[in-house]
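The opening residue of the sequence shown carries number 57 in my numbering; numbering runs sequentially from there.
Written below as structure tokens is the structure these notes are about.
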Amino acid sequence: MIHYQPYKNKNFEAIEGLLYISSNRWAIKSVTATPYENTPGLLMNITQNYELIDSLWFPKELKTEIWFTGFRIGGSPLFANGETFLYDININKPDFKKSFNLFDTEVDLKSINKNDLLSLYRNTKDSQIDKNTYDLLDSIAKNSNFNKLMNITTSLMNGFIPLSIFNLPLSDILQYNVFENWRLGLGFVTNDKLSERFILDCSMGYGLGDKKWKYSIAGIAYPLKNFRWDIRLGYKFDINRLGQVTFQEQQLNLTAPENFWIYYLNKAEYLKSVFLTSNYFLNKKLLLSINFNKNQLSFYPDYYYGWKENNVFIFTDKYDYHAVELKLQWCGQTKRIKTPISIVFFNDIEAKNIYGYYRFTIDNTKKATHLFALKFQWLKKMNFSGRIGLDVEIGTIWGDPPISLTYSPISKYEFFAVSSPYTFQILTPNSFFASSFATAHLCYYSNKLRISRYSNPYFVPHLSFHIGNLNKGIQKHYNNPIPVADKGYWELGLNISNILQTPFYSIGIGAAYKLGAYKEKNWKNNTTILLVLDYPF
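Take a look at the structure:
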């Protein structure tokens with residue numbers, strides 16, 4: 057038996073535990089592991105046992121025990137226990153065939169409540185003591201409405217309020233950004249109690265600042281039982297960020313730090329859209345998306361776009377166009393879990409994501425444009441020295457679309473602001489537009505400094521860069537000049553995260569400074585002080 061733990065006073069996340077060595081071939085027979093430093097509100101223990109099979113030691117059993125000390129019921133912490141067993145192990149089987157399933161884990165409450173189905177996967181029969189224990193637990197759950205409580209808790213963790221056959225998204229009830237001020241609304245998404253293969257998604261909201269209603273309705277169908285393919289048909293009227301290039305279609309989590317920039321959005325326009333979208337997983341990592349849409353943009357008041365007829369310039373405040381979008385998304389480390397409520401995505405501590413995007417548009421004057429863009433996300437854990445992350449976007453546009461359909465880097469600025477990773481922190485939204493562009497964000501995440509149970513700070517230096525320009529032959533824009541960053545725009549910053557850590561969130565501080573050709577004379581306009589919010593798990 058060997059006890060292992062990290063060296064004292066070494067500032068990196070590590071584990072400790074026991075190794076049990078067998079004298080037969082001197083291999084690991086069993087291993088236990090726990091975090092060397094406890095996370096507030098969470099305790100964990102993992103045990104993996106091995107068995108000698110065909111002269112090889114092979115993992116046979118995995119046990120996981122988790123104590124949520126921040127959640128207590130009757131004075132005792134919430135406890136989760138998981139056990140995984142492998143049976144009928146055959147090593148190096150020649151006729152083994154690989155199979156593809158989209159989800160790493162799929163939870164079907166209707167199936168797991170059937171004893172006859174579960175009995176097929178039990179390797180041992182339940183004893184009378186086991187049966188009596190299950191009967192007691194079932195009676196406690198029934199009398200205390202435990203299943204109903206767990207259903208509500210699970211829905212809330214996924215951002216929904218359950219109501220019969222509907223789930224009410226919390227994000228539709230209250231939203232905020234500078235342009236709309238507060239948006240009050242309501243929406244619903246049908247759940248598996250109505251149908252698991254068809255979903256109706258509706259929402260409506262009213263902006264107190266711009267005094268306009270926004271609404272959307274969409275039907276989502278899953279033709280295949282394995283949920284690899286979905287078809288969406290819908291209509292929406294909502295605000296649209298100028299210069300928005302969307303590499304991936306997913307519901308924005310407004311409580312995630314990388315989306316905090318949305319709160320600072322101070323300029324937007326309105327978009328009406330009828331769309332038909334199809335998403336298909338070619339394999340577990342590769343997603344193909346095709347989108348057909350008919351749109352009408354209502355331009356922001358200070359922007360003019362038009363064309364020339366008989367030596368007369370015709371301006372318009374609305375732009376009608378059709379678009380075809382083709383997206384290819386490869387996510388090397390992302391795992392998906394299918395629950396009765398939603399499909400949940402889990403990202404690993406490392407990430408390798410590549411997004412390809414092509415967009416074709418044609419307007420009422422038969423003028424066409426083509427967008428070719430590529431996005432690369434990379435997050436790598438360094439040996440004993442933290443993690444390094446890189447986010448790159450490059451692309452070009454053929455044609456002369458309105459600036460609404462060009463590229464503008466995601467940005468925000470206030471002297472005191474909340475940090476938003478992989479975002480320009482000192483750049484007012486829509487400061488630059490480009491039809492050919494390159495944007496890069498580089499971050500380094502140091503290991504944590506173990507100060508106390510409630511303070512484990514780590515350092516995050518970050519560097520951001522953008523360069524871009526508009527096509528030289530543009531004719532339809534009547535704003536002079538349209539801002540571009542053809543000389544290159546730079547930002548350099550440092551965050552100190554996790555200064556105060558609680559079971560639910562952590563707080564830190566940071567700052568960033570503007571560099572290069574677009575640096576201003578007033579130092580305050582080149583600086584931002586950041587509040588860093590994050591989650592410890």
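Yeah, the Cβ is synthetic: ideal placement off N, Cα and C, and Gly gets one too.
Pairing ILE346 with LEU384 gives a Cβ-Cβ distance that is not under 8 Å. The shortest CA-to-CA distance from ASP419 to any of GLY362, ILE410 and GLY451 is the one to GLY362.
The Cβ neighbour count for LYS204, taken over all protein chains shown within 10 Å, is under 16; the residue is labelled exposed. Taking a contact to require three or more Cβ pairs closer than 8 Å, the stretch 276 to 296 and the stretch 443 to 455 do not qualify as touching. Shown here for LYS436: same chain residues with a beta carbon closer than 8 Å to its own, the five before and five after excluded, namely GLU406, ARG443, ILE444 and GLY445 in chain order. Distance from the CA of SER553 to the CA of GLU121, rounded to the nearest whole angstrom, comes to 28 Å. It is roughly 13 Å from the alpha-carbon of ASN551 to the alpha-carbon of SER562.
Taking the C-beta atoms as reference points, TYR326 is found no nearer than 8 Å to ASN351. For MET438, the enclosing beta strand (DSSP E) stretches over residues 424 to 438. With a cutoff of 8 Å on beta-carbon distance, ILE147 and PHE114 are scored as near each other. The stretch 325 to 339 and the stretch 481 to 496 do not touch, with fewer than 3 CB-CB distances between them shorter than 8 Å. If you draw a straight line from the Cα of TRP546 to the Cα of SER464, it is about 15 Å long. Here PHE480 is buried. Its C-beta has 16 or more other C-beta atoms within 10 Å.
Note that the stretch 268 to 278 does not touch the stretch 355 to 369; fewer than 3 beta-carbon pairs, one per stretch, sit closer than 8 Å. In this structure, ARG297 sits away from LEU280, with a CB-CB distance that is not shorter than 8 Å. Judged by their CB atoms, TYR106 and LYS85 are nearer to each other than the 8 Å cut-off. When secondary structure is reduced to three states using DSSP, ASN581 falls in the helix class. Sorting PRO559, ASN503 and PRO537 by C-alpha distance to the C-alpha of TYR510 places PRO559 at the top.
One Cα belongs to ASN527, the other to ASN237, and the distance between them is close to 35 Å. According to the DSSP secondary-structure assignment, TRP363 is paired through a beta bridge with ILE370. In the structure shown, the three-state DSSP call for PHE560 is coil.
It is roughly 7 Å from the alpha-carbon of GLU139 to the alpha-carbon of GLU117. Within the model, the alpha-carbon separation for LYS431 versus THR425 is close to 20 Å. Note: ARG415 is bridge-paired with GLU381 and LEU427 in the DSSP secondary-structure output. Taking the Cβ atoms as the reference, LEU427 lies roughly 13 Å from TYR411, outside the contact range of under 8 Å.
DSSP places ILE318 in the helix class (H, G or I) of the three-state scheme. For the options TYR63, LYS374 and GLN433, the alpha carbon positioned closest to that of PHE355 is the one of LYS374.
In the three-state reduction of the DSSP assignment, ASP456 falls in the coil class. Comparing alpha carbon positions, the residue from SER79, ASN80, ILE538 and LEU74 closest to PRO91 is LEU74.
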